[in-house]
Structures are given as structure tokens and as C-alpha cells.
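Notes follow the structure.
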Amino acid sequence: MSLNNAFLKRIASLLVGVLLGVSAFCQEVPIVSYSVDQDGKVLLEVNSSADHYYILNVRHIEEGPFEISVSLTMGEEGTTIIQEPLGAYPIDHYQVLEYDISDPFDTDGDGYDDITEFSNLPSQSPFSAAEPIDIIDATVAIDTITTFNTLSLQAPVIQFFEFLNGKEFLKFIILDFDSDNPTVYFMNSGTHWLHAEFADWLGVDYLADDVQRGNVVFHPTIPGANGTLGTFAFNYSNNAERSFPTVQRTQELLAANMPIIKNNLAYFVTLNNEGGYYWEEELYEGSRVSVVLESDVYAQVDYLGLNLEEGYGRLRQMDSDDIPGIKDIVIYESIPNLLPRVSGIITSVVQTPLSHVNLRAIQDEIPNAFIRDPLELESIADLLGGFVYFRTEQDGFILREASSEEVNEWFENIRPSAAQEPPLDLSYTSILPLSEIDFDMFDAYGAKCANVATMGNFGFPQNTIPEGYGVPFHFYKEFMEFNGFFDVIREMLEREDFKEDREVRNDLLAILRESIRQAPMPDWIMAQLAEMHASFPEGTSVRCRSSTNNEDLPGFSGAGLYDSKTQHPDEGHISKSIKQVYASLWNLRAFEERDFFRVNHFNSCMGVLCHPNYSLEKVNGVAVSTDPVYGTTNTFYLNSQQGEDLITNPIPNTTPEEILLDKLPGEEDEYFVIQRSNLVPPDSLLMGPESLLEMRGYLTKIHEEFAILYGAERNPTFAMDIEYKISADDQLIIKQARPWVSYVPQGDELFANLKPEKLYLYPNPVEQTLNVRCTECRLDRIVIMDVVGNTLYDSAVDPSNSEKFQFDVSYLSTGVYIISGYSEGQASGISSKFFKL
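So this is what it looks like as C-alpha cells:
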């Protein structure tokens, strides 16, 4: 028979096999007995002969097709026991096919028959459609522990992936993942450290959609599904999240090519992916995919320094309903949803660098750390209630008693040196529609009201910007004077117990707020408010939003200090909601924030922005016209959450969607997903392509127009912070805009004294070489962390070259990292920056 005739005959046989549902070279043999061994693996007995071999096929659904081949067993005379590496399915999930050894089949369709590949393990495999490969580069199977050890790497410290520290691991890459003939490679870590490098050697695109890549790590102290110590756990590169079907198929393909597995292969779920796992937990529980949670691994970690700073204050243990003060160093048993300005933070639960608590710590330049069971440490418990000095370092913390003189000196040095007068114009005495309020009327109606009104002139589609009214400061002043409240406040501020005792201060402010809510309004104010309320369509719920002269201003954000209220149609006169907003000017947190910044309380006034209330929105979010979190260039930062779960005050245990959106549109990679929301299915986005396209246009326009209005076109600190939502009818709505908190106006005393960034990174994002510059400092150490808070790289550097370092980061996986610099003789870091690869 000629070669061509033999080839045609083989193709014809394959076609017949396809039509029959099995190969023409085989027959299905019945399973005569079924049992499970001590490892939880199946034992299938079939009648057999020594001149045949047997392929075991598996299906995940009892009535579904047999999806994957998982083991090859050489036949014995009489009967043969057939097993597979993973845990046992019920008998109906298995199919056994018998093949003649003298005329073997090619199960993986790579042109090499099963017996040849089985005989050449680990350079070939019957279940990996690969050409033969030398172990110096990789294998396609892990047939023995010796093979695993030859390919794997074990080191005390693995840069950028701390969960690999001290563990033995190797890297895998799977090509044509969703095809009928996938290719599995296990890389030799001694030859090819990076997936990108190995893929380039193969001549394939490792970023292609049909490629999966990751690590297989051996954890000797973690029990496997078989009940014994020792688990092989796989995860995906850059801690990427994958949906359950992808994880399940990955496990099956790895196990089929790892005959050393004894029901001890698991999926390693990193901290940032646990939300996605819990979303699909029922699917995992109904499968044979075992899971190892990184949070369980973290149970062995007792300390993580997240923001390396120092500070003074009173050490306090906080309950969920306690309100901390500016001079408090707080201890929380759980991560609070809303945290005002404090002097330091200790939590007894693990945080990540991207948690809202740590971002607040970075913004306020205060120490923040995770300490396991802090109150069980005498060095902490004995200092509760007293003044302390707190410093967080990379490897530990310093907490000692401090004198009141030290504390007072510390706070005097960080407070403004002079009293601050909020802008106030009382000449506007009428409620005006937003269409008649200009940007320069912020000192009469509040910056929030003026900025929303200003955006109404930017040419956005109708209803993108709320339409409504502004209630001026004049109304608040007249109401307060009408009821004699300013005299009451003066007497309150002069009381020694109000100054010295925070509980007394809180109680007296609560009494004042209740008095404001119950007080009468002048008739002329009631009449104007009623006229405004009547102008809204009948049945409309009206949102009454605080708009003060001491928030949303350059240099003083005041974000979240004051309350907004919704006036529902059945609640009577709208003065009820207006007075509730007025009262919020005197809540404890707002008072203390103003007091710390020496803002004149009597010239602090409340305006009100009124517009129709939104309900049943699909998405809520905040965006900044720069990247304040990771420090990347030419990107916008978006933080979104599903439905009415506010980003500024989230529901416990929810994680938002974080996206870096390129400022300029391109052909591809116009955005980078940092984190996905755990309220939606994995691999889905709240902000779809159309919304991102709209957001880019809106945010660009908002930044450019307000930069002109604030005279900040050339100010590098300027950016705009917006709040947005996607309505029930899929419209993107911009509901607020204000200068980003880090903006310092030209000519401001703070701007004149503004120091340049101590660590300057460029380019950022980076593809290959990251330049790190530190002016007027002598760096002798660089530390790098990944985005889940692991200390991954800690290296000494030459101080004589500290003005410029270069790091080759091309070998890193795509993602976001944190780099910190340390100066000679200093335990705390000079500064930390994020960089995107």
C-alpha cells in the first residue's frame, strides 16, 4: 500500500469513527465493576487482553457527551483496573474504549499514535497535541516526581509572587484551549522563566484568546482532596480570574497530563479573585474541582505593613458604630466602610493595597497595617486609651507611649498655620434654575451646585447633567438668624467640656441638629421653596443635595462630610428635607474636619442643589480625569459598582470594578481592568464599550473646561473628580464634578511650598525598562509589592546612583505593581508609587 493510500484509508476510518461517535479503531467495553480507592479515585474493572490498551473518557454531566480523555492503561490478560488522576465520578460519567496496540489510535490528533506518545513520556503525551520536546525546554507530561523536580523552581523569595516563596512550582501553558486537540506544555523554569519567553521560543502568541497560562505549585502542608498532606495547586498568570468552565477544563487537561496526581490537584484562588469564586461557589461545590483559598494561606501571616508612615494620636479600639476623630489611631476588627480622617489604622483582618482603607491612608499619609489579634499583644493592649507614637515598617511596627506635648506639636505642624475663610456671597436672595447659575456663583450657591450648573452648558446629550434648582446660602443664613442658632453655637463653642470632651461635643452637636430640624422657617422662605417644589412634575421625588462653601473647593474637598436627602411625594412641604440638609452642617465629623483645618464655622454656609431623584440605576461610580491610584500617565481612573451600591459608602464585603481608561482612543487595549465587581458574573464588566466611549468624551470635556475656569491649564496637580451613574434606561449621567483632592491652585501658599514627587517613574505604563528617579534623596533600598499586598522584592541599591535607576521589567506579567523607595538610615519609606505593565 502506498503512503497516500494508507493516509486516505486512515482518514476514511476516522470519518467512520466520527459518524459512529467512537473511533473505527476501537470498541467501547463495558465496565464490569466500579469502586473508589482510599484516595477517592475511581477503580473501573473491564474485561481485557494484553494486546489492547484502554482510553478512559469522562463527561461532567450524566447525559452529556464524553468531553475529554483522561487516562491510558495498558491491558492485561483477563481483567484490567482503570483509573484517572482526579476524584471519582459516578459510573455513568465514564466510557472505556479499547484499541489494538498493533494499530494504535491518535487520541490527541497530533500525528503521533497513542502508544508512541505513551512510550515517550514525558516528551510526548497521548493527551497533548504537541511535537516531541526536549526536557531542557519543557515536557508535555509530568509522569514522575523526578520530572516535576527537574522542571520546577524553588527559592526563598520569588519576586512579585510571594505566595510562591519557598514553594516548589513550575509554569504551564495550554494552546488551542477550547479546541478538540489542545496542547499542554510544562515549562522548564531553569531554561524559560517567563511564559512570554517560552511562547516566543515556540513561535506562538501567548496573549491569544485560546491560550491559558499559569503555575502549578506544590504545597506540602495543605491537605489534598484525598485527605493527605500535599497539594498541587494551579493558578493563572498575574493572578488573573477565570470563570468556572475555564477552571474546570484547565484542571482536567492538567490532570490528564500529570499521572502523578492522586486526587490532590486544586485551583488556587488568590485574594483578589475570591469574590468571583464565591459568585460561582455552587458550581464548584457541585463539581470535582478542589479549591485552595489564598486567604486561608494568609492565616499564617501575622503582620502586613500596607502604608509605611508614622503618626501620633490616641489609641482607640473601634466598634462599628463608633466615630473616630482626627487625633485617633484606630483598631478595627473588620474593615470599616466609611473612614474619616484619622492618625493611623490597625486592622485585625487582611487588607490589600487597593482597599478603600489603604487608599485613604495613602491620601492622608498615615500609617496603616494588618496585625493579627492586636489586642492579644500586651505591647498594644497596655497602651489603649492613651497617646502613642505609631510607625509602620516593612517587616514590623513601632508602637510606644507618647506625651501630650509630642502629640500637640505633631498636629500643629500638619495643620494650616492661619484661619481659613470660606468664600461667601449673600447678595443672591432667590432660588434659581440651574440654567441661570454660572460657575462664578459658587460662593453664593456652593461649588457642587455651580459645577453641575456649569456642566449643563458643555453640550452633552439631554439629561446627561441633572436639571433642577439651586437654593442660595442666603436662605441658610436667614433661617439660622431667624431662630437665634448662631448665638446658641457661640455659647456651645466657648464651653470647656465641649472643647475637651469628645462625647460631650458629640451630644451637644446632636441636640443642635435636632433643633435645626424642628425649627420654623420664615414665611418668605417657605413660599419660595413651595414654588420651586411645585415646578417639578407631579409625583416626582426630589433629591436635595448639600452644596456648601467648604466642600468641592480647591484644596479642601470635604467629600462625604454632609448629608443629602430625598423628598418623596407623600412627605409634605420640602422644607423638611431642606432643614435635614442644613442640620448636617453640624455633624461631629464635619465640625472636627473644619476645626482641624481652621475653617470659620460661622461663615460656613449650606446651599442646596435640588433635582429629580434617580432610582433603579444599574451602575454607580466615581471617575477621576487622571490616575490618582496607580500613577499611570494618559489614563482616567474609573471605580464602579452595580446598582445603587454607592462607591463612597459600599455594602460590606463588596468589591468595585476598577478600570484605567486610556485618554486617547486607539485600535486596541483602550482600557485595563484592575479589578472586577464581585456583584456580577466573572469576566463581565459594568462599564461596557459604549459607556467607556461616552465616559472618555465626557471626562475629557469636563477636565478641559474646568481647567480653563479654574485657571489650571498648566497646573500638573489639576484633575476633576466626578460621580456618575447609568440609569435604568442605560443613560450615562454625570451627577457631580469637583477638583480632585490633590489639586493645589497656583498662587496658593501650599502650591508654593509643594515638593516634587520624591519617586518619579517613567514611562508609566511601561513595556520594558522602568526608570526610577529620586531627586534630593539617597536611596539605598527598593521594595516592590503586587496588588494583593505581598512583599515581593526587596533589594539594596547603590545610593550614589539614586537620582536615576533603571529596571528591566519585561519579564513580568501584565498587571499593576507597587514600588517603594527607602533612604539611607530610614526605616520608613520615602514614597510609594504604582506602575502598570
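FYI, in my numbering the residues of the sequence shown are 1 to 837. Beta carbons: idealized from backbone N, C-alpha and C, even for Gly.
Exercise for the section: Following the continuous alpha helix (DSSP H) through Tyr284, name the residue where it begins and the one where it ends. Expected result: 281–285
Problem - Close-in-space but distant-in-sequence residues of the same chain around Asn603 (CB under 8 Å, 5 per side omitted) - result: Glu421, Pro422, Leu424, Asn549
Practice task
Verify whether the separation of the beta carbon atoms of Gly75 and Tyr53 is less than 7 Å.
Solution key: yes
Problem - Start and end residues, beta strand (DSSP E) containing Leu308 - result: Premise fails: Leu308 is in no beta strand (DSSP E) and is neither H nor E.
Problem - Alpha-carbon to alpha-carbon, Gly539 and Ile431 - result: 21 Å
Handout entry: Residues bridged to Met480 [DSSP beta-bridge criterion]
Key = BP columns for Met480 are empty, so no partner.
Exercise for the section: Grab the span of the beta strand (DSSP E) containing Ile345 for me, first residue to last. Expected result: 344–347
Handout entry: Separation of Gly607 from Glu491, as counted between CA atoms
Key = 25 Å
Exercise for the section: Report yes or no: is there a C-beta of chain C within less than 7 Å of the C-beta of Ser577? Expected result: You won't find chain C in this structure, because it holds only one protein chain.
Problem - Contiguous beta strand (DSSP E) assignments of at least 3 residues, all confined to the region 580–663 - result: 606–612, 619–624, 635–642, 657–662
Exercise for the section: Check the DSSP bridge columns for Gly87 and list the partner residues they point to. Expected result: Lys41
Problem - Coarse secondary structure for Glu365, derived from DSSP in three states - result: coil
Exercise for the section: Report yes if the CB atom of Leu72 is closer than 7 Å to the CB atom of Phe118, and no otherwise. Expected result: yes
Problem - Cβ-Cβ separation, Ala130 to Met455 (assumed contact under 8 Å), whole Å - result: In fact, because the Cβ distance is near 58 Å, the residues do not count as touching under 8 Å.
Exercise for the section: Check the DSSP bridge columns for Gly572 and list the partner residues they point to. Expected result: Partner(s): none; Gly572 has no beta bridge.
Exercise for the section: Determine the burial state of Gln251: buried for a count of at least 16 other Cβ atoms within 10 Å of its Cβ, exposed for fewer. Expected result: buried
Handout entry: Length of the line joining the Cα atoms of Ala266 and Glu281
Key = 14 Å
Handout entry: Neighbourhood of Glu98 by C-beta distance below 7 Å, restricted to the same chain and skipping five residues each side
Key = Cys26, Gln27, Val29, His52, Tyr54
Problem - Pro689 - DSSP class collapsed to helix/strand/coil - result: helix
Practice task
Return the residue from the list Lys735, Phe805, Asp39 that minimises the CA-CA distance to Pro223.
Solution key: Asp39
Problem - Straight-line Cα distance separating Val783 from Ser727 - result: 43 Å
Handout entry: Selected residue, minimal CA-CA separation from Arg391, among Val289, Asp364, Tyr312
Key = Tyr312
Problem - Cβ pair count under 8 Å reaching 3, the region 693–702 against the region 404–420 - result: no
Problem - Selection from Gly643, Glu84, Met720, Ile329 that minimises the alpha carbon distance to Gln317 - result: Ile329
Practice task
Since I believe His219 is in contact with Ala240 (beta carbons under 8 Å), could you give me their beta-carbon distance rounded to a whole number of angstroms?
Solution key: That pair is no contact at about 20 Å.
Problem - Tyr724: first and last residue of the uninterrupted beta strand (DSSP E) it sits in - result: 720–726
Problem - Exposed unless 16 or more other CB atoms sit within 10 angstroms - verdict on Trp586 - result: buried
Exercise for the section: Measure the Cβ-Cβ separation of Cys610 and Val504 and say whether it is below 7 Å. Expected result: no
Practice task
Note down the Cα distance separating Val22 from Glu617, rounded to an integer number of angstroms.
Solution key: Confidence at Val22 is low in this model, with a pLDDT of 46, below 50, so its placement is unreliable and the value that follows should be read with caution. Answer to the nearest angstrom: the Cα atoms are 52 Å apart.
Problem - Own chain partners of Trp279 with C-beta closer than 7 Å, once the 5 adjacent residues on each side are dropped - result: Asn678, Pro681, Pro682
Exercise for the section: Would you give the residue range spanned by the beta strand (DSSP E) that Thr79 belongs to? Expected result: 78–82
Handout entry: Arg391 - DSSP class collapsed to helix/strand/coil
Key = strand
Problem - Selection from Asp662, Asp373, Ser547, Ile722 that minimises the alpha carbon distance to Thr347 - result: Asp373
Handout entry: Backbone CA spacing between Gln124 and Glu67 [nearest angstrom]
Key = 21 Å
Practice task
Pull up the DSSP beta-bridge partners for His52, would you.
Solution key: Asp100
Problem - Identified DSSP bridge partners for Glu28 - result: Leu97
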